[in-house]
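2 protein chains.
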Amino acid sequence: MIEPRTLKGFRDHLPAQALARERILDVARRVYRSYGFAPIDTPALEYLEILTGKGSEETDKQLYRFTDHGGRQVGMRFDLTVPFARFCAQHIATLGTPFKRYHMATVWRGENTQRGRYREFMQCDFDTIGTTSPVADLEMVLVVHDLLRAIGIERFTICVNDRRVLGGVLEVLGLTGRSTEVLRSLDKLGKATPEAVAEELGGHGLPSEAVGRLLGMAQLAGPAADVLAKIEPLVAGSATGQAGVAALRALMAGATAAGVPGERLAVDPSIARGLDYYTGIVLETFLDELPTLGSICSGGRYDNLAGLYTKQALPGVGASLGIDRLLAGLEELGRLSAVETPADVFLVFFDETRLADYLRIAAALRAAGMAVEFFPEAKRVGQQLKIAAKRGVPAALLVGSDEFVAGTAQFKHLATQQSTTIDWHGDLNVLVDAVHSLIVSH
Amino acid sequence: MIEPRTLKGFRDHLPAQALARERILDVARRVYRSYGFAPIDTPALEYLEILTGKGSEETDKQLYRFTDHGGRQVGMRFDLTVPFARFCAQHIATLGTPFKRYHMATVWRGENTQRGRYREFMQCDFDTIGTTSPVADLEMVLVVHDLLRAIGIERFTICVNDRRVLGGVLEVLGLTGRSTEVLRSLDKLGKATPEAVAEELGGHGLPSEAVGRLLGMAQLAGPAADVLAKIEPLVAGSATGQAGVAALRALMAGATAAGVPGERLAVDPSIARGLDYYTGIVLETFLDELPTLGSICSGGRYDNLAGLYTKQALPGVGASLGIDRLLAGLEELGRLSAVETPADVFLVFFDETRLADYLRIAAALRAAGMAVEFFPEAKRVGQQLKIAAKRGVPAALLVGSDEFVAGTAQFKHLATQQSTTIDWHGDLNVLVDAVHSLIVSH
Chain A
21 MIEPRTLKGF RDHLPAQALA RERILDVARR VYRSYGFAPI DTPALEYLEI LTGKGSEETD
81 KQLYRFTDHG GRQVGMRFDL TVPFARFCAQ HIATLGTPFK RYHMATVWRG ENTQRGRYRE
141 FMQCDFDTIG TTSPVADLEM VLVVHDLLRA IGIERFTICV NDRRVLGGVL EVLGLTGRST
201 EVLRSLDKLG KATPEAVAEE LGGHGLPSEA VGRLLGMAQL AGPAADVLAK IEPLVAGSAT
261 GQAGVAALRA LMAGATAAGV PGERLAVDPS IARGLDYYTG IVLETFLDEL PTLGSICSGG
321 RYDNLAGLYT KQALPGVGAS LGIDRLLAGL EELGRLSAVE TPADVFLVFF DETRLADYLR
381 IAAALRAAGM AVEFFPEAKR VGQQLKIAAK RGVPAALLVG SDEFVAGTAQ FKHLATQQST
441 TIDWHGDLNV LVDAVHSLIV SH
Chain B
21 MIEPRTLKGF RDHLPAQALA RERILDVARR VYRSYGFAPI DTPALEYLEI LTGKGSEETD
81 KQLYRFTDHG GRQVGMRFDL TVPFARFCAQ HIATLGTPFK RYHMATVWRG ENTQRGRYRE
141 FMQCDFDTIG TTSPVADLEM VLVVHDLLRA IGIERFTICV NDRRVLGGVL EVLGLTGRST
201 EVLRSLDKLG KATPEAVAEE LGGHGLPSEA VGRLLGMAQL AGPAADVLAK IEPLVAGSAT
261 GQAGVAALRA LMAGATAAGV PGERLAVDPS IARGLDYYTG IVLETFLDEL PTLGSICSGG
321 RYDNLAGLYT KQALPGVGAS LGIDRLLAGL EELGRLSAVE TPADVFLVFF DETRLADYLR
381 IAAALRAAGM AVEFFPEAKR VGQQLKIAAK RGVPAALLVG SDEFVAGTAQ FKHLATQQST
441 TIDWHGDLNV LVDAVHSLIV SH
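Protein chains in written order, with the numbering used here: chain A, 21 to 462; chain B, 21 to 462.
Okay, here's the thing in structure tokens:
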């Protein structure tokens, strides 16, 4: 006998978890589509050369790689961005620009699992490619806002910044060219203390006055207009920096016009994003009730998506929903349902001789849009109801032999054990309407 | 520069294909759920020992396998049944029986690609585990029926058989124990001529009278009641065979009670299914307009799902939608849309100074449930409309500077180039209602 087990860092999704994840994926799909983003998919396996050297040394090391039956060196995708870059290089001429796509799929990283991370997880990316229009940046913010609200989250903050602001500050300080190390250090704010970050920046050989100014900037907080007013003098004389400030101003104005409440959108000059390829607006999103969870939706603008595969410059902007982190957050907040079934109604199987009648009832309820679990065995009623309650079905419908004769039925709300008698006189339409009303009213 | 390409046997899904696939997956999810099947997921990678020796010699050879970072022998799943067996052995005590699950996920097989097959494809399985009730078998038929209708297919035939019928015939012929080779040969009917199959059966050493009887049985056709009446004498004296005939009779009666039209359900004694593990009802589904496409939905009842991983006997019944084959069939029938975007309305960007107004219009249309692509650049109108038409957006909404002042808008149906003027007097609700009515009416 073989021991049934999953690999370290991998997990099964049982129905309660899978239902919660499907719900979020469904909402994300709906919101992405509502802005005209279209789905695509790419293979899980790619030529190794497509994948290596595109992320970081760390992702290279974590890559699942092997030689296939045909002797080809292949790897499993570790994100959706690198395959998308390859995809665009191949297909963008056919698809035309601007091209808006979403991609929700599994990725694999042979990470150290000590931090509670998994080696298999989903990403839900959306991007607009082939336009430098600030409207695309703005849409990214609107999508993130609509997405979180559609998931049912009301208290969150989308924190935006522009890479050019930091570029401008460095230019003014005479430190152009040091942005990579500065970005990496500033990105640690929040996890590390300002003192520790200051020390690290000093260690890179930055003058202490510059360190002070950078940290002062990164710690600016408050209403967006105030933060921008304080940033402005720090980038005086730098066209890049001023462009960044102007872009943030336009973004705030556009978001307000489109209905994003001011308290959900902040300019946060500490947002740097670790990845080198961002060149404009960058964005991170936090749950107000769980600020330490980290960003659940991050992204930004980049200049050149597919430079490794094509000479065509493909600028773009997009973000990614961290669905596993979001689900962990919702669980921590007690907002994940433990329900193990999609069924709305559990139809008890009382009487074998009435099978045809039960089938007709179940078919009529389904035709009216309800999900019905009809128990397949005429076991004891108590046992059937116990299973229904354990799974979290909201309600049970009981029609025994006598009730068929009388033209009645019992509708039982399983959480409260409250029963209602339905008089349906053998008319299926009446029964369906009554069950529907009772489900809606609970 | 790295050449952008996919591996042999793998493919990208561009928006038109991805939209068509998402639509089918969405329908399948809805239908599976309407019967109370709950989603699960399992890892793409499993310990190699879980996967090898469970399918056939062929699947073993096709398995993508390698050694991971931790020195473990691992493989990529080649179907969803083997991982589900492992899953049940681990979790069924927690989940309880009967357990109804669906699983829609990608699988990989390093197959010979000459037959137009891909090495990466999706499976959409649903199964009821832990009950021998014939109601679960019946539900399988009902799910398949509802699924195809919900996809929009009206002309199809679900062909059922029962493995015990063949077992009974062999018993009567004194050939018990020869079922594997007989099944494999009979399974070729339809692809091979009856003469070729007869020759193959003779080659296995079966007496010619037995071969004649088997082929006669396998070629029975016509109304289910007639076919069953002709099978009955062939299994006279075999309890197994009679149980098979009775099960098929009960299944036909139940399906009729639940509303399945007779012409969509046939008893076809040639349906054998290649896989050894089926023990009762087996099922294949064909499009009447494309009989040579092969079965698009197949399944059956088995005795022991997880025998390799647990001593607990887990009987079950379930089927799998062959989504790639179905999509190929729909394409061949000209029933796949070439639309490349989920957008209902394309909002033309006329006038940069009106950006805030466009954002408000787009937000209001989205809040009313419409998917809106707002073009991110104020390019020439003709160019914007050309892009919208090429992608297949049904309609465009045009509001130029003068129209904002006049409180009007143009709604343009892009396929017919027909325009309608909307008088909205600056009232967004009026505009939204008008656009919604015009979309619905087209």
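Glycine included, C-beta positions come from ideal geometry on N, C-alpha and C.
{"Item": "For LEU209/B, count neighbouring Cβ atoms within 10 angstroms of its own Cβ and tell me buried if that reaches 16, exposed if not.", "Value": "buried"}
{"Item": "Report the residues of the region 248-279 of chain A with a CB closer than 8 Å to any CB of chain B, ordered along the chain.", "Value": "ALA273, GLY274, ALA277, ALA278 and GLY279"}
{"Item": "Report the three-state DSSP secondary structure of THR72/B (helix, strand or coil).", "Value": "coil"}
{"Item": "Along the chain, which unbroken stretches of the alpha helix (DSSP H) at least 4 residues long are found entirely within the region 162-221 of chain A?", "Value": "183-192 and 199-206"}
{"Item": "What do you get for ASN449/B, buried or exposed, if any count of 16 or more other CB atoms within 10 angstroms of its CB means buried?", "Value": "exposed"}
{"Item": "Below 8 Å on the Cβ atoms is my contact criterion, and I expect ALA263/B with LEU158/B to pass it. Report the Cβ-Cβ distance as a whole number of Å.", "Value": "Wrong, their Cβ atoms sit about 16 Å apart, outside the cutoff."}
{"Item": "Within its chain, find whatever has a CB closer than 6 Å to the CB of ALA58/A; leave out the 5 residues flanking it on each side and keep chain order.", "Value": "ARG121"}
{"Item": "Give the single residue among TYR84/A, GLY130/A, PHE119/A and ALA64/A whose Cα lies nearest to the Cα of PRO103/A.", "Value": "ALA64/A"}
{"Item": "May I ask you to list the residues that DSSP assigns as paired with PRO59/A?", "Value": "TYR122/A"}
{"Item": "Measure the CB-CB distance between LEU71/A and PHE98/A and report whether it falls below 8 Å.", "Value": "yes"}
{"Item": "Going by DSSP in three states, VAL47/B sits in which element: helix, strand or coil?", "Value": "helix"}
{"Item": "Specify whether the region 190-202 of chain A and the region 223-240 of chain A touch according to this definition: at least 3 beta carbon pairs, one from each stretch, less than 8 Å apart.", "Value": "yes"}
{"Item": "My assumption, with CB atoms under 8 Å, is that LEU341/A sits in contact with CYS144/A. Please give the rounded CB distance.", "Value": "4 Å"}
{"Item": "Considering TYR378/A, what are the terminal residues of the alpha helix (DSSP H) in which it resides?", "Value": "375-387"}
{"Item": "Is there a Cβ from chain A that is less than 8 Å from the Cβ of THR330/B?", "Value": "yes"}
{"Item": "Using DSSP with H/G/I as helix, E/B as strand and the rest coil, what is GLY236/A?", "Value": "helix"}
{"Item": "Tell me which same chain residues have a C-beta within less than 6 Å of the C-beta of VAL392/A, skipping the five on either side of it?", "Value": "VAL365, LEU367, ALA382, LEU385 and ARG386"}
{"Item": "Which same chain residues, not among the five before or five after GLU42/B, have their C-beta less than 8 Å away from its C-beta?", "Value": "none"}
{"Item": "Which residues, in chain order, does the region 370-388 of chain B contribute to contact with chain A at a C-beta distance below 7 Å?", "Value": "LEU375, ALA376, LEU379, ARG380, ALA383 and ARG386"}
{"Item": "Please name the residue, chosen from HIS165/B, ALA358/B, LEU353/B and VAL401/B, that lies closest to GLU372/B on a Cα-to-Cα basis.", "Value": "VAL401/B"}
{"Item": "According to the Cβ coordinates, are LEU379/B and ALA278/A closer than 8 Å?", "Value": "yes"}
{"Item": "Give the range of the beta strand (DSSP E) segment to which GLY300/B is assigned.", "Value": "298-307"}
{"Item": "Note the first and the last residue of the continuous alpha helix (DSSP H) segment covering ASP80/A.", "Value": "77-82"}
{"Item": "Per DSSP, what are the beta-bridge partners of GLN437/A in this structure?", "Value": "Per DSSP, none; premise fails for GLN437/A."}
{"Item": "Using a Cβ-Cβ cut-off of less than 9 Å, give me the residues of the region 402-425 of chain B that come near chain A, in sequence order.", "Value": "ILE407, LYS410, ARG411 and VAL413"}
{"Item": "Unbroken beta strand (DSSP E) runs of length 3 or more, entirely within the region 304-344 of chain B: which are they?", "Value": "317-322 and 336-341"}
{"Item": "So is GLY91/B buried or exposed if we call it buried at 16+ other beta carbons inside 10 Å?", "Value": "exposed"}
{"Item": "Here's the rule I'm using: 16 or more other beta-carbon atoms within 10 Å means buried, otherwise exposed. How should ALA244/B be labelled?", "Value": "buried"}
{"Item": "Using 8 Å as the threshold, is the C-beta distance between HIS111/B and ASP32/A below it?", "Value": "yes"}
{"Item": "For the region 350-365 of chain A against the region 244-258 of chain B, are there 3 or more C-beta pairs whose distance is under 8 Å?", "Value": "no"}
{"Item": "Take THR441/B and list the residues in its own chain whose beta-carbon comes closer than 7 Å to its own, dropping the five residues that flank it on each side.", "Value": "THR428 and GLN430"}
{"Item": "Using 10 angstroms around the beta-carbon of MET272/A, count the other beta-carbons present and answer buried if the total reaches 16, otherwise exposed.", "Value": "buried"}
{"Item": "Under 8 Å between beta-carbons, which chain A residues line up against PHE141/B? List them in chain order, please.", "Value": "Simply none; closest approach about 11 Å."}
{"Item": "Taking the straight line between their C-alpha atoms, what separation do you get for THR117/A and THR260/A?", "Value": "26 Å"}
{"Item": "Give a yes or no on whether 8 Å exceeds the smallest Cβ distance from GLN110/B to chain A.", "Value": "yes"}
{"Item": "Tell whether a beta-carbon distance below 8 Å holds between GLY130/B and TYR84/B.", "Value": "yes"}
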